Amino acid sequence: MRKISFAEAINEALHQIIAKYDKAFLIGQGVTSPWYVGSTTVGLVQKFGPDRIIDTPTSENGITGVALGAALAGMHPILCFPRMDFMHYAMDQIANHIANWYFMFGGQLSAPVTIWAIINRGGEQAAQHSQALQAVFTHIPGLKVVLPSTPYDAKGLLCAAVQDENPVMYIDDRWLYQQIGEVPEKLYSVPIGKGVVRRKGEDVTIVATSYMVHEAMKAAESLDKNQVDAEVIDLLSLKPLDEGLLFASVKKTGRLVIADGGWKTCGISAEISARIIESDLFKMLKAPVIRVTLPDAPAPASKVLEKVYYPNAEKIARAVNKILEK
Amino acid sequence: MVQKVWSRGANQTLSLLASDVPTDVLQKMYVTMVKIRKFEEKVAELLCTREELTTPCHLYIGQEAVATGVCTNLKKDDWVFSTHRSHGHFIAKGGDLKSLMAELYCKKTGCSKGRGGSMHVAAANIGLPGSSAIVGGTIPIAVGTALAFSMQQNDSVAVAFFGDGAVSEGILYEALNFAALKKLPVIFVCENNLYCTHLPVVECLSDTNIYRKPKVFGVSSLRIDGNNIIEVYETAKEAVGNARSGKGPTLIECMTYRWLGHVGPYDDLDKGLRTKEEVDRWMRRDPIQRLEKFLLKQRIMSEKEMDKIRRDISEEIEQAVNFAKKSPHPDEENLLREVFKTT
Chain A
92 MRKISFAEAI NEALHQIIAK YDKAFLIGQG VTSPWYVGST TVGLVQKFGP DRIIDTPTSE
152 NGITGVALGA ALAGMHPILC FPRMDFMHYA MDQIANHIAN WYFMFGGQLS APVTIWAIIN
212 RGGEQAAQHS QALQAVFTHI PGLKVVLPST PYDAKGLLCA AVQDENPVMY IDDRWLYQQI
272 GEVPEKLYSV PIGKGVVRRK GEDVTIVATS YMVHEAMKAA ESLDKNQVDA EVIDLLSLKP
332 LDEGLLFASV KKTGRLVIAD GGWKTCGISA EISARIIESD LFKMLKAPVI RVTLPDAPAP
392 ASKVLEKVYY PNAEKIARAV NKILEK
Chain B
10 MVQKVWSRGA NQTLSLLASD VPTDVLQKMY VTMVKIRKFE EKVAELLCTR EELTTPCHLY
70 IGQEAVATGV CTNLKKDDWV FSTHRSHGHF IAKGGDLKSL MAELYCKKTG CSKGRGGSMH
130 VAAANIGLPG SSAIVGGTIP IAVGTALAFS MQQNDSVAVA FFGDGAVSEG ILYEALNFAA
190 LKKLPVIFVC ENNLYCTHLP VVECLSDTNI YRKPKVFGVS SLRIDGNNII EVYETAKEAV
250 GNARSGKGPT LIECMTYRWL GHVGPYDDLD KGLRTKEEVD RWMRRDPIQR LEKFLLKQRI
310 MSEKEMDKIR RDISEEIEQA VNFAKKSPHP DEENLLREVF KTT
């Protein structure tokens with residue numbers, strides 16, 4: 092099959108979705124910029140014009156409300172945030188309005204907004220250009236949350252998000268944009284709420300999402316040289332969470348390492364760990380769960396500190412070795 | 010649009026502009042205003058008993074002319090977005106009293122199935138997609154609906170109702186800027202009732218001339234007497250016409266007053282938040298009495314006809330209360346349904 096990059100997969104998905112669905116349009120800061128969102132929006136405004144590819148002023152909360160209002164009136168906007176950090180400004184419209192709308196008014200109108208949130212970190216960008224806020228949004232009832240890790244899922248999940256009648260947070264990571272993978276040329280959907288086994292193994296389960304899936308795979312390969320057989324689960328969606336896939340793997344291995352690109356306290360890793368502990372699997376665990384996450388600190392600028400700050404394959408491998416000692 | 014500046018000494022009789030308003034429209038607006046007033050009076054009475062109706066209610070008594078004058082100019086396909094003080098907008102847009110009262114009782118038959126309460130009423134089928142208790146929250150949403158209407162190339166307009174409290178929220182300015190930038194068919198209706206919860210507007214805004222603020226965004230704006238139904242109607246008519254014909258947004262600052270406190274059935278006079286003299290002064294500017302006087306003087310309606318209207322409305326409200334009381338509570342097993350829409 093044809094291979095393209097993660098960024099190209101998003102670009103292709105946007106081109107095909109907007110061409111296919113009259114309801115779909117792209118709105119947000121930087122969507123006509125040649126650099127602001129990488130190469131993901133190249134050619135869109137030339138093809139669809141400024142009425143459907145709407146670059147906006149930096150009014151994060153206002154524009155989020157605009158996307159909601161358009162969604163209520165029958166459109167399926169794709170709302171772009173070039174950096175997740177800027178979304179704190181939009182929390183009112185996301186948490187109070189978009190997430191509540193369908194439930195709060197008795198199921199009259201749903202809010203089919205695809206919120207495309209880009210994690211863009213590293214490169215000494217510091218604390219306000221680095222955040223990975225998947226846990227914050229997964230906490231809020233009424234939002235679906237997906238995190239693609241491969242070009243295939245990048246295209247398929249974006250298509251699924253736009254077709255969904257609910258608000259979907261589509262969170263991607265700029266560190267993934269150069270990943271190359273097989274991507275069908277036609278438009279297709281990857282189901283929301285289903286994870287995949289990226290690597291089969293017997294000794295330990297490493298569960299991850301987004302960029303951390305690749306670090307987990309690297310860790311698994313290095314461990315393989317030492318006869319450690321790790322299974323890697325890519326959840327792809329955090330809400331709904333594919334508990335079945337996760338539980339089956341942990342049942343088999345009895346050991347769980349959770350790798351997440353967010354903070355530790357109240358993070359996704361805490362939620363996954365709690366799900367296991369609340370279930371009957373607790374009794375089957377051969378060792379306590381280990382979490383590999385960001386420390387509870389803002390992102391530093393210094394590249395020396397960045398190296399320590401971000402979780403990676405080496406830290407995951409160390410966690411696996413530790414869990415096997417127990 | 011002509012700049013009208015309201016002042017405290019404004020003439021208390023209705024202007025001669027009324028000659029331009031068809032009598033059936035005047036009669037219809039009278040019915041709507043009385044319906045809002047009587048509905049709210051009933052809600053206040055029920056709240057005082059503290060029995061079954063306990064959801065926090067922000068009553069609209071005194072402001073009836075604003076919702077009525079604006080919504081009378083709208084089609085079913087025009088959308089209005091409301092606030093925590095939602096009942097007047099719901100009724101003026103043509104909402105069903107039974108489903109509104111049932112929502113205040115948080116019953117299964119309420120417009121929001123007992124999940125919204127007083128602050129979150131909606132009737133999407135008549136163009137009221139929702140109301141928000143976050144101050145200023147629905148303003149950008151109305152702008153987004155206007156964007157959708159213009160993308161869909163229909164001639165519908167969107168209206169955002171909000172209070173003077175929203176003028177201290179940044180979101181208003183983001184919304185004004187974007188609406189003007191894209192020349193969207195949206196009307197911003199600011200109901201300046203002089204208080205942001207307990208705090209007088211003079212203690213909230215460095216410049217209380219709200220109508221001047223949108224001008225920096227290039228949005229047409231004006232201040233009118235919000236207790237003069239004819240002035241509200243005529244102004245809204247022009248603003249809606251401009252929006253429909255692609256001339257972009259307007260902000261209308263309607264000077265008005267809520268007779269009761271920020272929330273609940275009491276007037277708050279005992280709390281020392283405002284003076285009796287102030288409340289009395291505004292009650293003398295009662296938008297309904299002013300219209301009644303005008304209708305009688307112009308012989309458009311008789312006392313007898315007005316009595317009948319009042320009696321019919323009271324009957325309709327009693328039926329709504331009975332309906333709400335008899336309605337079942339929401340099913341417990343449905344609590345988690347409709348967090349997400351399933352197809």
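Top line first, the protein sequences correspond to chains A and B. Residue numbers are given in the numbering used here: position 229 of the first sequence equals residue 320, and the series is strictly consecutive. Residue numbers are given in the numbering used here: position 299 of the second sequence equals residue 308, and the series is strictly consecutive. Idealized CB from N, CA, C, for every residue including glycine. Bear in mind that the values here come from a model prediction, so they are computed numbers and not experimental data.
- For H167(A), there is no enclosing alpha helix (DSSP H); the enclosing beta strand (DSSP E) has its first and last residue at H167 to F172.
- Distance from T265(B) to V75(B) at the Cβ level is roughly 6 Å; contact confirmed, criterion being Cβ atoms closer than 8 Å.
- Following the DSSP letters along the chain, one finds C80(B) inside the alpha helix (DSSP H) bounded by residues E73 to C80.
- Each residue's CA atom was taken as its position, placing G126(B) and A53(B) some 15 Å apart.
- By the criterion of at least three beta-carbon pairs nearer than 8 Å, the region 329-336 of chain B is in contact with the region 114-128 of chain B.
- Contact of P282(A) with chain B is not assigned, every C-beta pair being separated by 8 Å or more.
- Between the region 342-353 of chain A and the region 372-381 of chain A, the count of Cβ pairs shorter than 8 Å is three or higher; the stretches touch.
- Taking a contact to require three or more Cβ pairs closer than 8 Å, the region 151-162 of chain B and the region 217-236 of chain B do not qualify as touching.
- Taking 7 Å as the cut-off between beta carbons, the residues of the region 123-141 of chain B near chain A are R124, G125, H129, A131, A133, P138, G139 and S141, in sequence order.
- A181(A) and Y69(B) have their C-alpha atoms roughly 30 Å apart.
- Of the candidates Q328(B), S177(B) and A111(B), A111(B) places its Cα closest to the Cα of T63(B).
- Interface annotation, V348(B): in contact with chain A, CB-CB separation under 8 Å.
- Those residues of the region 150-167 of chain A placed with their C-beta closer than 9 Å to a C-beta in chain B are S150, E151, N152, G153, I154, T155, G156, V157, A158, L159, G160, A161, A162, L163, A164, G165 and M166, ordered along the chain.
- At a Cβ-Cβ threshold of 8 Å, A101(B) and T41(B) count as neighbours.
- DSSP places V383(A) outside any alpha helix (DSSP H); the residue lies instead in the beta strand (DSSP E), whose first and last residues are I381 to L385.
- With three or more CB-CB distances shorter than 8 Å, the region 234-243 of chain A counts as touching the region 268-278 of chain A.
- Pairing L326(A) with V298(A) gives a Cβ-Cβ distance under 8 Å.
- Against chain A, a Cβ distance below 7 Å from S121(B) picks out M195, F196 and G197.
- Close to chain B, meaning a Cβ-Cβ distance shorter than 8 Å, are the following residues of the region 226-258 of chain A: P232, G233, K235, E256 and N257.
- A direct Cα-to-Cα measurement between L170(A) and H179(A) gives close to 15 Å.
- Restricting attention to A167(B), H98(B) and T147(B), the CA atom closest to the CA of G179(B) is found in T147(B).
- Note that the C-beta distance between E212(B) and G172(B) is not below 8 Å.
- Beta-bridge partners of C263(B) (DSSP): E200(B) and I233(B).
- Classified as buried, M166(A) has 16 or more neighbouring CB atoms from the shown chains inside 10 Å of its CB.
- Just measuring C-alpha positions, the residue of L113(B), G257(B) and E49(B) sitting nearest E60(B) is L113(B).
- Look at D263(A) here: in three-state DSSP terms it is strand.
- The C-beta separation of N202(B) from P296(B) comes to about 12 Å, leaving the pair out of contact by the 8 Å criterion.
- By the neighbour-count criterion, in which 16 or more other beta carbons inside 10 Å mark a residue as buried, Q137(A) falls on the exposed side.
- Residue contact check for S201(A) against chain B: a CB pair falls below 8 Å.
- As a beta-bridge residue in DSSP terms, K330(A) pairs with V236(A).
- Segment contact: the region 145-164 of chain A against the region 109-128 of chain A, three or more CB-CB distances shorter than 8 Å; contact assigned.
- Looking only at E416(A), K277(A), K417(A) and S360(A), the smallest Cα-Cα distance to M92(A) is reached by K277(A).
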